[in-house]
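Numbering of the sequence shown is given in the UniProt record's numbering, commencing with residue 1 and proceeding in unit increments.
Beta carbons are placed, not taken as given, at the ideal position from N, Cα and C, and that holds for glycine.
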Amino acid sequence: MGGTTIYVTALDNIVSVNSLYAFAVFVGLSWNPIDSRNTTNTLISNPACAPLLRLVENIITFQVYSFSFFLFSTLLALSLKQSIRISTTFQMTLMAILSFAYSGRQEVKRLERKQRDFE
1 MGGTTIYVTA
11 LDNIVSVNSL
21 YAFAVFVGLS
31 WNPIDSRNTT
41 NTLISNPACA
51 PLLRLVENII
61 TFQVYSFSFF
71 LFSTLLALSL
81 KQSIRISTTF
91 QMTLMAILSF
101 AYSGRQEVKR
111 LERKQRDFE
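Given below as structure tokens:
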């Protein structure tokens, strides 16, 4: 039983780090670098250095994708934590980990196909 507490603690730490990451993503999504109405919300003074609209759209798209991966990894960590707590044997935990890894791989492939269709 002592070995499983290490895994549960590690999964708790993953969820904690993910919550900090969610905060960073929301701050990033709320900041608009090309907002012409707010001149104090910029790090650049030369308008020629402002990013193009397509670049801004891509940044927001990738932040949404990364946020979805954050949600998926949090769900995965919490599910693994529960499976470790309720499993009676190591084989059951290993089977749960492998099934989650397979479903995560399928999700990554689906998002890659979606990104290719988007381009």
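For residue i versus residue j, is the C-beta spacing smaller than 9 Å?
i, j, result
"Pro-47", "Ile-59", "no"
"residue 190", "Ser-66", "Residue 190 lies beyond the residue range present for the chain, which begins at 1 and ends at 119; the question has no answer from this structure."
"Val-8", "Lys-81", "yes"
"Phe-70", "Ala-22", "yes"
"Ala-77", "Ile-6", "no"
Is it right to say residue i is buried, meaning 16 or more other beta carbons lie within 10 angstroms of its own, or is it exposed?
i, result
"Ile-84", "buried"
Note down, in chain order, each residue of its chain lying with its Cβ closer than 7 Å to the Cβ of residue i, except the 5 sequence neighbours on either side.
i, result
"Thr-61", "none"
Leaving aside the five residues before and after residue i along the sequence, list all residues of the same chain whose C-beta is less than 6 Å from its C-beta, in chain order.
i, result
"Thr-74", "Val-15 and Asn-18"
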